[in-house]
Amino acid sequence: MSTTVQETNSFKEYFSGLFNGISTTVKGMWITFRYVWAVKPVSIEYPEVREVLPERARMRLFNDVQNCISCTQCAMACPVDCIYIASEKLPEGTEIKKTSNGQAIRLKLTQFTIDTALCCYCGLCTTVCPTECLTHSLDYEFSQYTIDGMKYDYLAPDVIAWRDRIVKS
Amino acid sequence: MLNIDVAKVAELINRHVSGANATAFLPEDTKKLDGSVTVEAAKIFSVVEFLKTNSELPFNSLHVISGVDYLEHMEVCYMLTHYDPASPRDLILKVRLTDRVAPAVDSIVRLYPAANFQEREVYDMFGIRFNNHPDLRRILCPDDWQGWPLRKDYVAQKDYNGMSVYPDGKMNFDDREFIVRQDMIKKAQQAKAQ
Amino acid sequence: MQTRWDVGEPEKPTINIETEQLKSDLLTLNMGPQHPATHGVLRIEIWTDSEVVAHAIPHLGYLHRCMEKHSENLDFRGVIPFVDRLDYLASMNMEWTYVAAVEKMLGTEVPRRGELLRILTAELQRIGSHLMAFGTYALDLGAFTPFLYAFEEREKILRLFEEVSGARLLYNYIWVGGVWNDWTSEQLDRVATFCDTMEEEAKKYHELVSMNKIFVQRTANVGVYSLQDCFDYGASGPVLRGSGLSWDLRKNVPYSLYPEFDFNVPVGTGEVGQVGDCWNRYYVRMREVVESIKIIRQVLAKLEPGPVMGKVPKIIKLPKGEIYLRHECPRGELAFHLVSEGDAKQPYRLKVKSPCFTHVSMLPRVAPGQMIADFVATVGSIDIVLGEVDR
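Residue numbers (this note's numbering), protein chains in the order written: chain A, 736 to 904; chain B, 181 to 374; chain C, 941 to 1331.
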């Protein structure tokens, strides 16, 4: 199936081809040239100017451990198994706290770690959460030097401090 | 699957291809599930040739060849289709292979060139050899990969060209404590699942 | 019966006498895996005689992510994020096809608004995908600016999707039973304005690229697939339509609510070049953009308030059996062969029929006798996404 390039032998075809080539090129160049003054630039210079993310944007996960009831539903729903939860029974006679939407916390959360390097940001874990404590925050700048740094333990004090910075209300 | 009466197709095949032994499978709930036609593995070439060339119910194109491993037997499913705006139709044609050590079936590349890559993929994933295939190599996995990945009893090789296939834990565990905790999680999940 | 198959002895290319005298041996040239014209990590081994391609052998698998094996260990909802990653330029269509297969086996009713929103997102995604195809195709042929124009419009679609689903590329938006979130009226208004601007833009693209003499010279009569080739190789989508068959699943085998919509199926007519060449495939895509705009406008007119999610059991379990379901995606017909063992939470087998895989297997058919530069034009015109080829 070789390409057949037709030889434009006739005088008329030659000049009409020439005219066609020049006119279509000039047309295209004109469209491009208009962008010099008639169209405003759409690109954003990132570190200085930041786009406002929509509310539903699924960025880094955040778990509000005070409301977590250790139900492990998020870990079960996660398709890449990046959520690690551990909990133990509360000792007898401890006062049972309640979450902000009224569910009783019957287990003591001893670990809640998310490996954001594995996370695929699909949002399935946030939809199954009964107390809505696991949410996607709007923080997208969390690059790290080592892959270990991508593991976030949400019981660690520095992450709890991070909550005040990121999560409003 | 559209516009197909599997019983009729099976009857047609039985009438025209001797020894094909076509059996139609129609599910109870035809709205939800698809029926299929199963033929003898030895006769697949003549069956597909008949389905391609007959005038009553022709299929002018092959969509895909898919393999399924049911442990006691393996199936190769040929999705035939007819590109014709007037009468579109689909057919799932199956052969059943009981041999797990060296399963083989005739290639249909000479009928549908589309089968070339598709059969290579089935060979790559299930180890089913296609006789008379012009170029039966692995297609998605590397050429020196061992085992047939989509078989249900597949165990991945530990080591490939000096690289570890499953590194111990997908994460970089730096503390043993973490692994201990992870075991606890697994137990909790298993308890939950039961 | 005539047998035609392309691997094995390569066809001898037609070359002129001077090169015949100089000819010594075929040169092996590797195009890819890191080559800008292959749109990903496709390696094509080309045997060339001077600048004429004698034979091309695609080598796949550089982006193989074991998706089919992996999905056998996931629950039916958990597969959706992985289906997204098949064709990452048309994730909505991928999701919809998979979800439709699960829904058909489950027997779920989707509310009307949910179904309409699915059509809306799928058609917007189709425009986005075709814009990408348009931009990168022009980029392959040496024109840089159309790429930027295409991205400017595509950005608007991505922004809408980001607002409604939360992600820009891998949405996980279409769920079993409906869609995740509802669109607000403000967003729908923006879709309407987008339709208007996009129509103007499409005209601009035609002026800029489609009828440009240089572009026409590079693409017309190049990489011609006859209709018989398309049938033999199981091609679909714009490749099949570019070869002159009016075949669109949305029209010929209507699924979802498509019978209610009025739109045309663009077919390669050969007004420039001949039917089945690169230019016609490209032009079919550009006309499909306009048809999608038509559908979107009708969706906007039909939308009424209502629920977007139907009733789905908390744990999805499918009956024992199998299904083969096809949908029309921007690159061709995507199909899922879903096998389920009774009462299992995971798919027993999920086979993806990917259009790009089929189209890559067509490349050796058209390569012999082409110039290398024309071969690049052919690879670009079938618009492959390697995520879907290698799965």
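Every residue, glycine too, gets a C-beta built ideally from N, C-alpha and C.
Quick caveat, the model's predicted, so the values are computed rather than measured.
What number of angstroms, rounded off, separates the C-alpha of residue 248 of chain B from the C-alpha of residue 313 of chain B? If I take the Cα positions, the gap works out to 20 Å.
Does the Cβ of residue 1102 of chain C have 16 or more other Cβ atoms within 10 Å, making it buried, or fewer, making it exposed? With 16 or more other Cβ atoms from the protein chains shown falling within 10 Å of its own Cβ, residue 1102 of chain C counts as buried.
Kindly indicate which three-state DSSP category residue 1321 of chain C falls into: helix, strand or coil? Helix.
Closest Cα partner of residue 1266 of chain C within the set C:1019, C:1330, C:1194: Minimum Cα distance to residue 1266 of chain C is reached at C:1194.
I need the boundaries of the alpha helix (DSSP H) containing residue 817 of chain A, first residue and last residue. Bounds of any alpha helix (DSSP H) do not take in residue 817 of chain A, whose DSSP letter is neither H nor E.
Quick one: give me the first and last residue of the alpha helix (DSSP H) that residue 1130 of chain C is part of. For residue 1130 of chain C, the enclosing alpha helix (DSSP H) has its first and last residue at 1125-1145.
State the CB to CB distance for the pair residue 1295 of chain C and residue 1274 of chain C, rounded to an integer number of angstroms; the pair is presumed to be in contact (CB under 8 Å). Yes, residue 1295 of chain C and residue 1274 of chain C are in contact; Cβ-Cβ is about 6 Å, under 8 Å.
Coil, strand or helix - residue 1203 of chain C by DSSP: Residue 1203 of chain C sits in coil when the DSSP states are folded into three classes, being neither helix nor strand.
In chain order, what residues of the same chain have a beta carbon less than 8 Å from the beta carbon of residue 1318 of chain C, not counting five sequence neighbours either side? Same-chain partners within the cutoff: 1162, 1163, 1218, 1303, 1306, 1307, 1310.
Where residue 1242 of chain C and residue 1057 of chain C are concerned, what is the direct C-alpha to C-alpha distance, given to the nearest angstrom? Their Cα atoms are separated by approximately 10 Å.
Segment contact, 8 Å Cβ cut-off, at least three pairs: the stretch 1046-1065 of chain C with the stretch 1113-1124 of chain C: Yes, the stretch 1046-1065 of chain C touches the stretch 1113-1124 of chain C.
Out of B:225, B:263, B:318, point me to the one whose CA is closest to residue 287 of chain B's CA. It is B:225 whose Cα lies nearest to the Cα of residue 287 of chain B.
What would DSSP say about residue 841 of chain A, mapped onto helix, strand or coil? Coil.
Would you call the stretch 1092-1112 of chain C in contact with the stretch 1246-1263 of chain C, where contact means no fewer than 3 C-beta pairs closer than 8 Å? Verdict: no, contact absent.
Nearest-angstrom Cα separation, counted from residue 1245 of chain C out to residue 1185 of chain C: The alpha-carbon atoms of residue 1185 of chain C and residue 1245 of chain C are separated by roughly 38 Å.
Rounded to whole angstroms, what's the CA-CA distance from residue 944 of chain C to residue 186 of chain B? Just pull it up for me. Note that residue 944 of chain C has pLDDT 39, beneath the 50 cutoff, so the model's placement of it is unreliable and the number below is only indicative. Computed Cα separation, rounded: 29 Å.
What in chain A is Cβ-close to residue 368 of chain B, meaning under 8 Å? Chain A residues near residue 368 of chain B: 807, 820, 821, 822.
Residue 1171 of chain C: contacting residues in chain B (beta-carbon distance under 8 Å): 240, 241, 263, listed in chain order.
Can you name the start and end residues of the alpha helix (DSSP H) that residue 755 of chain A belongs to? Element bounds for residue 755 of chain A: 746-769.
Under 7 Å Cβ to Cβ from residue 861 of chain A, same chain only, skipping five residues before and after it: list those, please. Cβ neighbours of residue 861 of chain A beyond the five flanking positions: 869, 870, 871.
Strand pairing of residue 870 of chain A, partner residues [DSSP]: A:797.
If you follow the beta strand (DSSP E) that residue 284 of chain B is part of, which residue opens it and which one closes it? Residues 284-286.
Contiguous alpha helix (DSSP H) assignments of at least 4 residues, all confined to the stretch 996-1055 of chain C: The stretch 996-1055 of chain C contains these whole alpha helix (DSSP H) runs: 1007-1011, 1020-1024, 1031-1046.
Would you say residue 1036 of chain C reaches chain A, if we count a Cβ-Cβ gap shorter than 9 Å as a contact? Taking Cβ atoms only, chain A never reaches closer than 9 Å to residue 1036 of chain C, which makes this a no.
If residue 307 of chain B and residue 322 of chain B are in contact, beta carbons under 8 Å, what's the gap, nearest whole angstrom? About 15 Å separates the two Cβ atoms, so there is no contact after all.
Distance CB(residue 273 of chain B)-CB(residue 335 of chain B) smaller than 9 Å: Not closer than 9 Å, so no.
Rounded to whole angstroms, how far is the Cβ of residue 1329 of chain C from the Cβ of residue 1000 of chain C, which I believe are closer than 8 Å? Yes, residue 1329 of chain C and residue 1000 of chain C are in contact; Cβ-Cβ is about 6 Å, under 8 Å.
For residue 242 of chain B, the nearest candidate out of C:1278, C:1169, C:1312, C:1316 (CA to CA): Measuring from the Cα of residue 242 of chain B, the nearest candidate turns out to be C:1169.
Beta-carbon of residue 211 of chain B versus every beta-carbon of chain A: anything under 9 Å? Not one beta carbon of chain A lies nearer than 9 Å to the beta carbon of residue 211 of chain B.
Near residue 1213 of chain C, which residues of its chain fall below 6 Å by C-beta distance, leaving aside the five closest residues on each side in sequence? Around residue 1213 of chain C: 1160, 1161, 1219.
Name, in chain order, the residues that DSSP records as bridge partners for residue 1298 of chain C. Residue 1298 of chain C is not bridged to any residue.
Chain-order list of residues whose beta-carbon lies under 6 Å from that of residue 998 of chain C (same chain, five-residue window excluded): For residue 998 of chain C, same chain residues with a beta-carbon under 6 Å away, outside a window of 5 residues either side, are 984, 1300, 1303 in chain order.
Delimiting residues of the alpha helix (DSSP H) encompassing residue 240 of chain B: Per DSSP, residue 240 of chain B belongs to no alpha helix (DSSP H) and is neither H nor E.
With 16 other Cβ atoms within 10 Å as the buried cut-off, status of residue 846 of chain A: Burial state of residue 846 of chain A is buried, judged by a 10 Å Cβ sphere holding 16 or more other Cβ atoms.
My guess is that residue 796 of chain A and residue 851 of chain A are in contact by the Cβ rule of under 8 Å, so how many angstroms apart are they, rounded? Correct: roughly 7 Å between the Cβ atoms.
Would you mind reading off the limits of the beta strand (DSSP E) that contains residue 289 of chain B? Taken as a continuous stretch (DSSP letters only), residue 289 of chain B belongs to no beta strand (DSSP E), as it is neither H nor E.
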